[in-house]
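Inspection log for the structure reproduced underneath, given as structure tokens.
Number of protein chains: 2
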Amino acid sequence: MQETIYLNGEILPADQAKIHVSDLGLLRGYGIFDFFRAIDGKPIFMEDHLDRFENSARLMNLPIPENRDTLRAIILDLIIKNPHQLLGIKMIMTGGYSLDGYTPAEKSNLIILPKPFSFKESRQSMKLLSLEYQREIPEIKTLNYAVPILAIPKMKAIGAEDVIYHKDGFISELSRSNVFIVKNEKIITPKEGVLYGISRKHVLSFGKKQFEVEERAVSMKEFYEADEVFTTGSTKRVIAIGQVDNHIFSEGKIGKVTSKLQELFLEEEKSYA
Amino acid sequence: MQETIYLNGEILPADQAKIHVSDLGLLRGYGIFDFFRAIDGKPIFMEDHLDRFENSARLMNLPIPENRDTLRAIILDLIIKNPHQLLGIKMIMTGGYSLDGYTPAEKSNLIILPKPFSFKESRQSMKLLSLEYQREIPEIKTLNYAVPILAIPKMKAIGAEDVIYHKDGFISELSRSNVFIVKNEKIITPKEGVLYGISRKHVLSFGKKQFEVEERAVSMKEFYEADEVFTTGSTKRVIAIGQVDNHIFSEGKIGKVTSKLQELFLEEEKSYA
């Protein structure tokens, strides 16, 4: 059975989720998105994601066609109409149907796509390819992923499943998740030039109850000398980074702090579900 | 009457030019495009544009679903089906309908959109806003225009109609056209970090028959001290840049070399039409 989606005020079967090619997200990459999960019908960290979505919209000058209450009601309705134990919900908003193919329209296009979701349970840790890059507008969750997608063949060649960005000797983030290092049980994550992830926010929040926590620039040297390295994101929760290029972290094992945070993350989620 | 377009093997009325939201151009900005004009049914510099389109596709690892002969036949058919004296033809190709919303599909989505075109005849020269920026993959005509579109309110506030990019003290290009400076009747245009425009190519080619021509880095200092500054592009031909921010070029007049190149450009076009 196919999913039920939302498109500009209409609730439709997924195969009818079509937009005209004059959409400015398609023509010019002008748009934003957000993604979160629902477990057993309960959205996880939804208000955080709606906060960020609204903030991305404001920074991109994109009017949201629905207010927060309506948006929430639409999402909850879609969760009921798509009864999967684990559901991913992607919200996309673009500059609308542009008359001249460049200038944003007065009305944004808003799409909400629920889809069954599953974690890659088999993997214990991630292998990454390092990539010199800085996202253009890092604080906004924009639609632009051309550079990391272009790197997929390079990733595959070394068996990596994602990239980690660095620029001017400092690391920033993975293509779709944040990065943390652990040194002497202190948790450190880059502060500038990154997307402020919702999982990142929660890890910082509950992490500081048990560990010392710092948000600041992290050099590549410090990164490679870390005791543990992990990534956080809505599709990943907390996952150890086991290898970047040829460098192996934590002697190939999951670090103690990473393990503890994985446990705390699941507890945090349970308080929502 | 609405236009007739091409979408993945089908010839359709423009209002049916709709793609599913799982398109990777929309979801992740992963795609390329090109644009050229037809005058009185004759495409201008079409083979150059097809060369560039194929090159963009190759660099982005996007398979083109049609070979050159078929592509040319489709375009010529669309020109006949859309009998406008001046027609703009936009070709868009994306990473296709992605299964996981990130990895390019085996089959690209190819869209060809003809649309009546008109030059902004009223303007004698352009006013620009300077913007510190470098396109991410400058040699590919990608779909990513988030940064310049985000600058539209700033542009409008000073009455500018486009931006000119600079980085580390050097200028590169406008958002959708190339830039040239003239100093002592020598024509100079940036060589690196720019899209290799088809109009740029023709101006360099016929320009060097009458003037000295250089492709090399152009500093901002050199730019602001130029005798004349102009831009070239398929939607503009050759247009003088009259002002950038508060700086006025050529005492507000169209320079001699710019005028001459405008004349030669029209002659070059006529040899195709």
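From first to last, the protein sequence lines stand for chains A and B.
Mapping of the first sequence onto our numbering: position 94 corresponds to residue 94, and the numbering continues sequentially without gaps.
So our numbering is basically just the index in the second sequence, starting at one, shifted up by 1000.
Every residue gets a Cβ at the ideal spot worked out from N, C-alpha and C, and that includes glycine.
Please work out which residues of its chain come closer than 8 Å, Cβ to Cβ, to B/K1253, disregarding the five sequence neighbours upstream and downstream, and give them in chain order.
none
Residues near B/F1035 in its chain [Cβ-Cβ closer than 6 Å; skip 5 each side]
K1090 and S1234
Could you spell out the range, first to last residue, of the beta strand (DSSP E) harbouring B/P1116?
N1109 to P1116
Leaving aside the five residues before and after A/E258 along the sequence, list all residues of the same chain whose C-beta is less than 6 Å from its C-beta, in chain order.
The sequence as given places Thr at residue 258 of chain A; Glu does not occur at that position. Around A/T258: E228, F230 and A240.
Can you say whether B/T1070 is buried or exposed, counting buried as having 16 or more other CB atoms within 10 angstroms of its CB?
exposed
Note down, in chain order, each residue of its chain lying with its Cβ closer than 8 Å to the Cβ of A/R52, except the 5 sequence neighbours on either side.
D34, K141, Y196 and I198
Hey, does A/E136 have any beta-carbon neighbour from chain B nearer than 8 Å?
yes
When you compare the CB positions of A/Y224 and A/H247, do they come within less than 8 Å of one another, or not?
yes
Using 8 Å as the threshold, is the C-beta distance between B/S1098 and B/S1022 below it?
yes
With C-beta atoms as the reference, is B/P1148 less than 8 Å away from B/S1175?
yes
Look up A/L50 in the DSSP assignment and say whether it is helix, strand or coil.
helix
Let's test the definition: count the other Cβ atoms within 10 Å of the Cβ of A/R58 and tell me whether it reaches 16, buried, or not, exposed.
exposed
To the nearest angstrom, how far is it from the Cα of A/K115 to the Cα of A/E3?
7 Å
From the DSSP output, in three-state form, read off A/G95 for me.
coil
At a Cβ threshold of 8 Å, is B/N1144 touching chain A?
yes
Beta-carbon within less than 7 Å of A/Y30's beta-carbon, same chain only, minus the 5 sequence neighbours each way: which residues are those?
L24, T94, G95 and P104
So is A/K18 in contact with chain B if we call contact Cβ pairs under 8 Å?
yes
Roughly how many whole angstroms lie between the Cα atoms of A/L266 and A/P43?
14 Å
Across the segment 119-138 of chain A and the segment 5-20 of chain A, are there enough close Cβ pairs to call them in contact, namely three or more that are closer than 8 Å?
no
Counting only the same chain and skipping the five closest in sequence on each side, list residues whose C-beta sits under 6 Å from that of B/I1074.
Y1006
Determine the direct distance from the alpha carbon of A/H166 to that of A/L204, and round the result to whole angstroms.
22 Å
Chain B contacts made by the segment 30-42 of chain A, where a contact means CB separation under 7 Å:
Y30
Coarse secondary structure for A/M220, derived from DSSP in three states:
helix
In angstroms with no decimal places, state the Cα-to-Cα distance between B/Y1102 and A/A160.
15 Å
Taking only the alpha-carbon atoms, compute the straight-line gap between A/E54 and A/V238 and give it to the nearest angstrom.
25 Å
Contact list for A/G23 against chain B, beta-carbon separation under 8 Å:
Before going on, a small fix: residue 23 of chain A reads as Asp here, not Gly. Within chain B, the residues near A/D23 are L1026.
Who are the neighbours of A/V244 on chain B, taking C-beta pairs under 8 Å?
Correct list: empty, because the minimum Cβ distance to chain B is about 20 Å.
Mind checking which residues open and close the alpha helix (DSSP H) that includes A/A73?
R68 to K81
For A/R135, is the classification buried or exposed, using 16 other Cβ atoms within 10 angstroms of its Cβ as the cut-off for buried?
buried
DSSP three-state assignment for B/E1267, whether helix, strand or coil:
helix
Tell me which residues share the same chain as A/E66 and place their Cβ nearer than 8 Å to its Cβ, disregarding the 5 neighbours each side in the sequence.
I74 and L110
Other residues of its chain near B/S1177: CB distance less than 7 Å, five sequence neighbours each side excluded:
G1197, T1231, T1232, G1233 and K1236
First and last residue of the uninterrupted beta strand (DSSP E) at B/L1024:
Taken as a continuous stretch (DSSP letters only), B/L1024 belongs to no beta strand (DSSP E), being part of the alpha helix (DSSP H) at L1024 to R1028.
List, in order along the chain, the chain B residues whose C-beta lies closer than 9 Å to that of A/T103?
I1149 and I1152
For A/M91 and chain B, any beta-carbon pair shorter than 8 Å?
no
Please state the DSSP three-state secondary structure of B/E1010.
strand
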